[in-house]
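Colleague: Provided herewith is a single structure, encoded as structure tokens, for subsequent inquiry.
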Amino acid sequence: MKCITFLLCLAFLLCTSAHIITFNQTLRDGDVLLSSANSYALGFFTPGKSTGKRYLGIWYQHIPELVAVWVANRDSPVNGTSGVFFIDATGNLVIQDRNTSATVWNTSLSFPATGLQRDSNYSVQLQETGNLVLYHDPDRRVTAWESFDYPTNILLPHMKFGINKKTGLKRFLTSWKSPDDPGTGEYSLRADFTDPPQGFMYKNSVRVWRLGLWIGSGCSNIPRMSINFTPYTGIIDEDEDSLSYTVPDPTVYTVLMLNETGTMNRIIWIGDGPKMKQWAGLWYIPKDKCDSYNPCGAFGICNPYIPGGSGCQCLSGFESNSSTQEWALRDDRHSCRREANTDTCPNGDGFLKLTNVNIPYAEMTFSDTKMGFKDCEEHCVKNCSCTGYARQDTTIHGGDGCLNFYGELTDMREFANGGRDVYIRVSASASAMPLKKSKGLHPKWLILSTGISSAVVILLLLYMTWKMRKGSSSAINLEEATPADVVVFDLDTIKLITENFSAESKLGEGGFGSVHKGKLQNGKLVAVKRLKTNSDQGIEEFKNEVMLIARLQHRNLVRLLGCCIQQGEKMLVYEYLPNNSLDYIIFDNKLGILLDWKKRFEIILGIAQGLLYLHQDSRLKIIHRDLKASNVLLDDLMEPKISDFGMARIFGEEQTEANTNQVVGTYGYMSPEYAMEGLFSVKSDVFSFGVLMLEIVCGKKNKYQHTENSVNLMGDVWDFWNEQRPLGLVDPSLGEQSYDTREVLRCIHVGLLCVQPIPNDRPNISEVIFMLSNETKLPSPNPPGFMIRKGYSTTTSSYTESGGYQSLSMTFTQIEGR
2 MKCITFLLCL AFLLCTSAHI ITFNQTLRDG DVLLSSANSY ALGFFTPGKS
52 TGKRYLGIWY QHIPELVAVW VANRDSPVNG TSGVFFIDAT GNLVIQDRNT
102 SATVWNTSLS FPATGLQRDS NYSVQLQETG NLVLYHDPDR RVTAWESFDY
152 PTNILLPHMK FGINKKTGLK RFLTSWKSPD DPGTGEYSLR ADFTDPPQGF
202 MYKNSVRVWR LGLWIGSGCS NIPRMSINFT PYTGIIDEDE DSLSYTVPDP
252 TVYTVLMLNE TGTMNRIIWI GDGPKMKQWA GLWYIPKDKC DSYNPCGAFG
302 ICNPYIPGGS GCQCLSGFES NSSTQEWALR DDRHSCRREA NTDTCPNGDG
352 FLKLTNVNIP YAEMTFSDTK MGFKDCEEHC VKNCSCTGYA RQDTTIHGGD
402 GCLNFYGELT DMREFANGGR DVYIRVSASA SAMPLKKSKG LHPKWLILST
452 GISSAVVILL LLYMTWKMRK GSSSAINLEE ATPADVVVFD LDTIKLITEN
502 FSAESKLGEG GFGSVHKGKL QNGKLVAVKR LKTNSDQGIE EFKNEVMLIA
552 RLQHRNLVRL LGCCIQQGEK MLVYEYLPNN SLDYIIFDNK LGILLDWKKR
602 FEIILGIAQG LLYLHQDSRL KIIHRDLKAS NVLLDDLMEP KISDFGMARI
652 FGEEQTEANT NQVVGTYGYM SPEYAMEGLF SVKSDVFSFG VLMLEIVCGK
702 KNKYQHTENS VNLMGDVWDF WNEQRPLGLV DPSLGEQSYD TREVLRCIHV
752 GLLCVQPIPN DRPNISEVIF MLSNETKLPS PNPPGFMIRK GYSTTTSSYT
802 ESGGYQSLSM TFTQIEGR
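For the sequence shown, this note's numbering begins at 2 and goes up steadily by one.
So this is what it looks like as structure tokens:
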């Protein structure tokens, strides 16, 4: 990011009093032109660590970290502070070096002679949108030139990306050369003006990534592109093909940025949060092995969630043109072809439905924004040249819309969620099978790979044992806990990637240590969990976490990449998740708007799916014991990942309950039977999940004071439920019209069922998922466990004859809270 620390007081030393410059006025280096409400500033600046070079740019005035959202003379800086900006006699904007009188930059416009074209009519205005506009008329109604037509590396709200068909003007983004040099870089984001249009990222002249078709509320290759507080607008008509977005809340600063490494970022300024004041990422592209342009060739599809290899597969009814080894070696530009003797038309065919995928790139695409989906299907069925079809979308043009594809289909990939449904023409027999996996390796490759894997395992075990004996007098027996894909990192390597555990790399502090951000040599970002060296419990946690997470593979569980045991240090290396933990967002008044109801409901279901895997679907039956908002991490698509397995315990296949003398966990999330008696089971996790679900709906911590009677969220939810006004506690940042009332009410209802005081009254997590996903009738809830009221004396909960706990206020003893 092109940022420099910027003291706002300096910006006010010399600034023009108005937001307009007329013909006889100049803007010198040190002066600042402000927009009408002081949101944006125009002036000369020096980027990053560069020295002496000055550029005219626009930035946010109220943000202390300068991010230039537009640069005029990006390829021709002024040396020193002798730059001056003005309108010349021809009506052009000019940057001139006063020392040499040389013109550094100008708008290079020529205008027909008119009666209005007089010096006194010329003016330039910095609008509150960040748009610098040149006028030649006295009333400033006709735009002669505007900076929004010539974006640099940032797309601001209201700025258009695309083409003006009347003038032929193309609006596109180009990266900076480096964080210190805003000159035109090698990456660009441009539109391909087909029907419908779509965008591509280029490295020089080579396509490296496809933005996708402009359909619906964004682009087909970025499922998370549209967020509720930044709606996108597409214009596709005879005058222009363009895409833009708006931010209804003027206090929210968010932009799309193309950086010098070829990454497209959606960033937002976090200025009021308690933890930091900085730019934070909402999503970025490209982010995985399937985001490169056309990685699997024609009729191949890329699945980034397949561990190792290229992730390429042929669609059902197709076979690879090349050997499996070429894909395995990431030589992915090898197409798939239809299997022999599988003619699809007119001798009987079908359509293979692909879900959660992107819209493919076709040799030719037929688009009809008014055609219904059934007619769209028939249109393709009747034409043997049609290789597939999809719904265009409903949000831009108000109808289903139709896309028919002709010729080879390329650049296809899968998403975890948020993708589209696409129908591919195949033989009737192939239409029943979703994907055809690549054929197995040749026996000699299989033997070789097995031998290599075995050798790697043995070497890793020997290496870990040696490291543990060398680095600590109390060696930890982890030989059985480390599979072949968990890397053993050297301590020097960990120090290098975390800048010796610097304060700048620190992401947070936990009960048993700190977490640091690191960057591996290959550029991959990781999170390093460093346990406290003097914690005996930390050693047990470490053993437990390696043993458990190394064996678990689920998209809603955080992924362990490696570990380090050396010189008394115990560290775990995880995948880095850029959007922090769930508590960081849902409990913040500003950040809460990042999660609309659709995404919150997906997060609830994702956490439930992760628990289902732990409780039922994995090889081990695992009780987490510390499920809470801070232990749910969010990736770049805001998908949840359950983390922190230090407290987790393995159950036997037939085991339903266990007891511990040392109760550990987090106040507010622990079930009554666990907090008071040390009893835990899958129902303990369900209780924690119920608390967490109510927090996600309400945007409040369970431990808070709201009404006169209750001092926790569960008490308030129960009161509002009985008063038949449960929606009164819904997070205000969602807005009354932006959520599905039935889904919210069902989540509150199921949440109350999960926090019942008697374990047997709580549903299993599989039942929770069923209740959330269906309209089945739900049982009535009883008052929740640990529903704390004000005005009661501190007491200990009592165990009832039915085997459950009823509690008001209570004292926790022998609890190691976190």
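Glycine is no exception: its CB is placed at the ideal position from the N, C-alpha and C atoms.
1. What is the DSSP secondary structure of Cys346, reduced to helix, strand or coil?
2. Where does the unbroken beta strand (DSSP E) through Asp98 begin, and where does it stop?
3. Whole angstroms is fine: what's the gap from Pro305's alpha carbon to Ala363's?
4. Can you give me the start and stop residues for the alpha helix (DSSP H) that Phe374 sits inside?
5. So is Leu330 buried or exposed if we call it buried at 16+ other beta carbons inside 10 Å?
6. Let me check understanding here. Comparing Cα to Cα, which of Thr255, Leu578, Asn590 lies closest to Arg560?
7. Hey, which unbroken runs of the beta strand (DSSP E) at 3 residues or more fall wholly within the region 161-210?
8. Could you give the distance in angstroms between the alpha-carbon of Arg339 and the alpha-carbon of Leu355?
9. Are Asp741 and Cys699 close, meaning C-beta to C-beta below 8 Å?
10. Given this structure, state the Cα-to-Cα distance separating Gln128 from Val134, to the nearest angstrom.
11. Could you name each continuous alpha helix (DSSP H) segment of 4 residues or more that falls completely within the region 555-595, going from the start of the chain to the end?
12. What did DSSP end up calling Ile223 once you bin it into helix, strand or coil?
13. If you reduce the DSSP assignment to three classes, tell me which class Phe300 lands in.
14. Starting from Ala391, follow its DSSP beta bridges and name the residues at the other end.
15. So, is Cys385 buried or exposed, given that buried needs 16 or more other C-beta atoms within 10 angstroms?
16. Check the DSSP bridge columns for Asp369 and list the partner residues they point to.
17. Please classify Ala90: is it buried, with 16 or more other beta-carbons within 10 angstroms of its beta-carbon, or exposed?
18. Beta-carbon within less than 8 Å of Arg620's beta-carbon, same chain only, minus the 5 sequence neighbours each way: which residues are those?
19. Taking contact to mean at least 3 C-beta pairs separated by less than 8 Å, is the region 671-686 in contact with the region 757-771?
20. Under three-state DSSP, which class holds Glu744?
21. What whole-angstrom Cβ distance do Cys755 and Arg763 have, given they're in contact under 8 Å?
22. Give the DSSP bridge partners of Leu353, in chain order.
23. Answer with buried or exposed for Leu635, where buried requires no fewer than 16 other C-beta atoms within 10 angstroms of its C-beta.
24. Please look up how many angstroms separate the CB atoms of Lys261 and Gly200, rounded, as I've assumed it's under 8 Å.
25. Could you round the C-beta distance between Tyr188 and Leu259 to whole angstroms and report it? I think they count as a contact, below 8 Å.
26. Count Cβ pairs between the region 411-419 and the region 359-378 that sit closer than 8 Å; are there 3 or more?
27. Just the C-alpha distance for Pro784 and Asn703, rounded to the nearest angstrom, thanks.
28. Looking only at C-alpha atoms, which of Leu583, Lys530, Asn581, Asp584 sits nearest to Leu562?
29. Taking Cβ to Cβ, would you say Thr175 is nearer than 8 Å to Asn205?
30. What did DSSP end up calling His517 once you bin it into helix, strand or coil?
31. Any heavy atom of the ligand MN closer than 7 Å to the beta-carbon of Thr499?
32. Using 8 Å as the cut-off, can you tell me whether the region 277-291 makes contact with the region 626-635, which would need three or more C-beta pairs spanning the two stretches below that distance?
33. Do we get a CB-CB distance below 8 Å when we pair Ile586 with the residues of chain B?
34. Considering only their Cβ atoms, is the gap separating Ala417 from Glu640 smaller than 8 Å?
35. Using only the alpha-carbon positions, how far apart do His20 and Ala145 sit?
36. List the DSSP bridge partners of Asp242.
Modeller: The structure says:
1. coil
2. 94-98
3. 22 Å
4. 374-382
5. Per-residue confidence for Leu330 stands at a pLDDT of 43, beneath the threshold of 50, marking its modelled position as unreliable; no derived number is given.
6. Leu578
7. 162-165, 170-172, 174-179, 182-193, 199-204
8. 17 Å
9. no
10. 7 Å
11. 583-587
12. coil
13. coil
14. Leu404, Val423
15. exposed
16. Cys403
17. exposed
18. Arg552
19. yes
20. helix
21. 6 Å
22. Ile425
23. buried
24. One point to set straight first is that residue 261 is Glu, not Lys, in the sequence displayed. With 8 Å as the limit, Glu261 and Gly200 do not qualify as a contact, their Cβ atoms being about 19 Å apart.
25. 6 Å
26. yes
27. 15 Å
28. Lys530
29. no
30. strand
31. Looking at this structure, you won't find the ligand MN or any other ligand, since it has none at all.
32. no
33. Judged by its chain identifiers, the structure shown contains no chain B, having just a single protein chain.
34. yes
35. 18 Å
36. Ile164, Ile237
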